[in-house]
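A.B. asks: In this note's numbering, the protein residues as written are 458 to 1157.
Where is the CB? At the ideal position from N, CA and C, for every residue including glycine.
A quick note: this is a predicted structure, and the numbers were derived from the prediction, not measured.
Submitted below is the structure of interest, expressed as structure tokens.
Below, the structure written as structure tokens:
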């Protein structure tokens, strides 16, 4: 096998740690790695992490067939406002739409609410005379002379990227395409984003905003991906580098450079895809994916082994939980909630003398006090250490010794003494606050979908997820909890089980009874041809491609729509009744009612194309080391300090059954169960936990 490129690597850059998984099916190897993220140069942690994986597995760089990567670069660029200087060309008279927005207030109780900052300031927006009508016909031709003059004006103003968004371009992109040709002739080095290419859907404000954000992040993403490609080539890698999309699919470097806005939730999506994969393996139809890392916690519902995907996302909110305070984008993203509760979330006493946890985070620099890298403010990880959840001698498999005395002093000085309570109570308070915050957000997320958390199994992963999973499950009343092997790097594992995919859409608004099915078939044909061309370039065969159809639909008079899966024969046969019935069925599932005498409208037509998922496993050969380690005291909610047995997870064979209280340690994470729980190792090396609430003080 020496000359074959059989190894694949998944890389997830988080706010605190960069996680890696190497899998080589031919040699039967699955190996994990974890390094502190290097925010000043994100690719450094990737290169160093890959080099170590290769060394530990005896793999050469030329044996790597593929590297799949997810990045928070797009999100961070928008949040930190560190993108390019962008110019906007819009239809004359409509240049202020991104500032006018929806003309609604996101905080009705705040008379002094700050305005949502726009990506393109007014002095860099230019109007051009042209007009395309809603049916796609040209009303006013494009004024080429005016366009050229406005372009020169923007370039003289120092723009580094350009967004073009003409009215109704989603219906007919003719003027935008012509404008792009002119830009390329006059300024060939200026990156250009067309709204009709990045978001060919109805709603002018969102489409324009998406184009502007894409242009805003494009130069930085292109530079990062070019540098990463060069650094990987320098170490001998000659395989395929792919990027995770926000929708959970995988795309090529070229597509990622062209449409970087589609990567805005790239990293978090990988965890949900991994959870869906594991759900299929263990036969769970209803799963709550709980991913808690160093900076944030993410929750996602997995139904029928599939995460829900939505087609709207709001980036860079001024107020994290207030809709309308950010930048609305028309991109496909895995539907999840994100909470500012991670291992690095900082705890402090506020002016009212109350303890708060987050949203500030110690991240990887300086990190929690326990890391000994300069952090002075106690964090969730520090509290976990003081409560006995973490082993100071076995963090990252013993590579990073945690400083328990420093943590004890920091919690005492900054929290316990001001509050007048013992240090262990302050640590328990930190854990209680973060667990309650996550539980409240999860309940709300499920309630919005008409779901009850007690009907679900929870899958916990991420570096801090297994540490907090038991406490969170009790608060939610969840009775079954699953922690996979390698839980601390499961998001990186998700990159390896994600299918290469294309999510495409076309806007065509019409009542169902008036739909031109020939036109719809043409739209789907165009989307399918584009997807198949991309897959062919990746070496996939035509028979490998799976095509799924959907449409955004609503009752006439409604302001928003729901996405409805459609059978392929509905499109080709123009079966209006079947499409309406598909809408009615989905509407009843969502709202528990439907209406028979109101016309139905189709707004957008969607196509998802994907390739098969590779079947891999994180199961391992059982270690010959002793299974049991030195017991220690662990403080459990509702029980106080309890003597818990500690186990080396790698030494537990399938079928092992252990009653709590117990701690399970592996290199990237620790998992804790209380007295009323029983854990069993299944055939896939997952720890499957059953919680009995009969004698519990919480839950159920």
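1) In the DSSP assignment, what are the bridge partners of residue 1082?
2) Within the continuous beta strand (DSSP E) that includes residue 977, where are the two ends?
3) Would you decide whether residue 664 is buried or exposed? Buried here means 16 or more other CB atoms lie within 10 Å of its CB.
4) Can you tell me which of the three DSSP states residue 710 falls into?
5) I'd like to check one pair, residue 917 with residue 940: are the Cβ atoms closer than 8 Å?
6) I want to know whether the segment 1034 to 1041 touches the segment 1015 to 1024 - three or more CB-CB distances under 8 Å.
7) Rounded to the nearest angstrom, what separates residue 477 and residue 508 at their Cα positions?
8) Give me, in chain order, the residues of the same chain whose beta-carbon lies closer than 6 Å to that of residue 962; leave out the 5 immediate sequence neighbours on both sides.
9) Quick check: the Cα distance between residue 1156 and residue 1149, rounded to an integer number of angstroms?
10) Determine which residues share a DSSP beta bridge with residue 480 and list them.
11) Secondary structure at residue 619, three-state DSSP: helix, strand or coil?
12) Give me the residue from 605, 863, 688, 1009 with the minimum Cα distance to residue 499.
13) Just to confirm my understanding: we take residue 1112, look at its own chain, exclude 5 residues before and 5 after, and list those with CB closer than 8 Å. What are they?
14) Taking 8 Å as the threshold (beta carbon to beta carbon), is residue 789 in contact with chain C?
15) For residue 1125, count neighbouring C-beta atoms within 10 Å of its own C-beta (all shown protein chains included) and say buried if the count is 16 or more, exposed if not.
16) Can you check which of these residues, 830, 1084, 1092, is closest to residue 1114 by C-alpha distance?
17) So, for residue 717: in the same chain, excluding its five sequence neighbours on each side, which residues have a beta-carbon less than 6 Å away from its beta-carbon?
18) Could you check how far apart the C-beta atoms of residue 605 and residue 639 are, in whole angstroms? I think they sit under 8 Å.
19) Which runs of the alpha helix (DSSP H), 4 residues or longer, sit entirely within the segment 587 to 638?
20) Can you give the Cα-Cα distance for residue 426 and residue 609, rounded to whole angstroms?
21) Looking at the secondary structure, which residues open and close the alpha helix (DSSP H) in which residue 966 lies?
22) What does DSSP give as the partner residue(s) for residue 749 in the beta ladder?
23) Anyone know if the C-beta pair for residue 469 and residue 527 falls short of 8 Å?
24) Would the beta-carbon of residue 701 fall within 8 Å of that of residue 525?
25) The alpha helix (DSSP H) that contains residue 923, what's its start and end?
26) On the DSSP letters alone, give me the boundaries of the beta strand (DSSP E) that residue 785 sits inside.
27) Mapping the DSSP letters down to three states, classify residue 941 as helix, strand or coil.
28) Report yes if the C-beta distance between residue 815 and residue 471 is below 8 Å; otherwise report no.
29) Hey, how far is the Cα of residue 1100 from the Cα of residue 1079?
30) Can you tell which of 926, 830, 931, 1144 has the C-alpha that lies nearest to the C-alpha of residue 798?
31) Can you name the residues that DSSP bridges to residue 1105?
32) Starting from residue 697 and walking both ways along the beta strand (DSSP E), at which residues does that stretch end?
33) DSSP on residue 1097, reduced to helix/strand/coil?
34) Using alpha carbons as the reference points, say which of 461, 843, 883 lies closest to residue 1165.
35) Within the same chain, show all residues whose beta-carbon is closer than 6 Å to that of residue 459, passing over the 5 residues directly before and after it, in chain order.
C.D. replies: With the given structure in hand:
1) Paired residue(s): none; residue 1082 is not in a bridge.
2) It is not in any beta strand (DSSP E) - residue 977 instead sits in the alpha helix (DSSP H) that spans 974 to 994.
3) buried
4) helix
5) yes
6) yes
7) 11 Å
8) 658, 1061, 1063
9) Residue confidence is low: residue 1156 scores 47 on pLDDT, short of 50, so the model does not pin down where it sits. No coordinate-derived value is stated.
10) 465, 487
11) strand
12) 688
13) 1137, 1138
14) In the structure shown, chain C does not exist; there is a single protein chain.
15) buried
16) 1084
17) 531, 674, 675, 678
18) 6 Å
19) 601 to 613
20) The chain is shown from 458 up to 1157; residue 426 falls before or after that span and cannot be answered.
21) Premise fails: residue 966 lies in the beta strand (DSSP E), 958 to 968, not in any alpha helix (DSSP H).
22) 754
23) yes
24) yes
25) 922 to 933
26) 784 to 786
27) coil
28) no
29) 26 Å
30) 926
31) 1122
32) 697 to 701
33) strand
34) Lying before the first or after the last residue shown, residue 1165 is absent from the chain, which here runs from 458 to 1157.
35) The pLDDT assigned to residue 459 is 45, lower than 50, so where the model puts this residue is not dependable; a value taken from the coordinates is nonetheless given after this. Same-chain partners within the cutoff: there are none.
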